[in-house]
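Those letters in the sequence shown? Residues -7 to 178, by this note's numbering. The C-beta atom is built at its ideal place from N, Cα and C for all residues, glycine as well.
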Amino acid sequence: MKLVVGLGNPGKKYNQTRHNAGFDVISMLSDRCGESPPSKKAFGSFVGTASVIGQKCIFALPQTYMNRSGQPVASLMGYYKVAPQDVIVVHDELALDFGVVRCKKAGGHGGHNGLRDIIKHIGNGFLRVRIGIGAPKGEQSNYVLSQWSADQKNTIHDIFEKGCNAVEMIISDGIMAAMNTFNVRN
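What follows is the structure, encoded as structure tokens:
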């Protein structure tokens, strides 16, 4: 079983913001699996189940704010008895250009407060699907909490599809195959 976690902030105020890219990918992946987006409340998250490439998965959207994502993830791991290497976290990434999707095995938080809190609670052995949102000049917190630009809205669906493909490949073929596919530079 895999625990697939999308990071974001709860509430309508944050819908379709850059920081909620993880929520959006999980919602799209749920739809691709013929399921509704996670909506059952459990352990500080909305959760749902789906079969992804024939493997049972728990989808989770923590309902704490981004910088408090660790406890819900740890609680879900304990309840479902999921090891860190079977946790896939989908999140926005300032360090990647807009539209770039990369996969990562373990590592640091790179300044991402959601990852920082997850590492604090479960260690750094989990897998990641990173959705590039670009790094603006100036105040980054305002940027990540703002909605996509008009130009970005034209392509964001395809980028989220690519994020879904990355999650599916990690589940079906493993993290190394996903890294070899998605982490190539064009």
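Presumed contact (8 Å Cβ cut-off) between residue i and residue j, rounded CB distance
{"i": "residue 9", "j": "residue 91", "result": "Contact flag wrong, Cβ pair sits at about 16 Å."}
{"i": "residue 35", "j": "residue 67", "result": "4 Å"}
{"i": "residue 32", "j": "residue 26", "result": "Not quite, the Cβ-Cβ distance comes to about 17 Å (not below 8 Å), so this is no contact."}
{"i": "residue 81", "j": "residue 118", "result": "6 Å"}
{"i": "residue -5", "j": "residue 42", "result": "About 12 Å separates the two Cβ atoms, so there is no contact after all."}
{"i": "residue -7", "j": "residue 50", "result": "7 Å"}
Buried versus exposed call for residue i [16 or more other C-beta atoms within 10 Å across all chains shown]
{"i": "residue 104", "result": "buried"}
{"i": "residue 96", "result": "buried"}
{"i": "residue 12", "result": "buried"}
{"i": "residue 30", "result": "buried"}
{"i": "residue 179", "result": "Past the edges of the chain, shown from -7 to 178, lies residue 179, and the structure says nothing about it."}
{"i": "residue 176", "result": "exposed"}
{"i": "residue 69", "result": "buried"}
Minimum C-alpha distance to residue i - residue among the options
{"i": "residue 123", "options": "110, 153, 98", "result": "153"}
{"i": "residue 107", "options": "161, 54, 173, 21", "result": "54"}
{"i": "residue 58", "options": "94, 157, 101, 48", "result": "101"}
{"i": "residue 135", "options": "81, 125, 143", "result": "125"}
{"i": "residue 127", "options": "98, 86, 150", "result": "86"}
{"i": "residue 137", "options": "166, 4, -6, 23", "result": "4"}
{"i": "residue 78", "options": "88, 121, 38", "result": "121"}
{"i": "residue 149", "options": "18, 110, 2", "result": "18"}
{"i": "residue 16", "options": "167, 156, 170, 161", "result": "156"}
{"i": "residue 139", "options": "7, 2, 129", "result": "7"}
{"i": "residue 76", "options": "89, 99, 37, 38", "result": "99"}
Simplified DSSP assignment, three categories, for residue i
{"i": "residue 127", "result": "coil"}
{"i": "residue 159", "result": "helix"}
{"i": "residue 37", "result": "strand"}
{"i": "residue 8", "result": "coil"}
{"i": "residue 26", "result": "coil"}
{"i": "residue 177", "result": "coil"}
Could you tell me which whole beta strand (DSSP E) segments of length 3 or greater appear in the stretch 43 to 94? 47 to 54, 79 to 85
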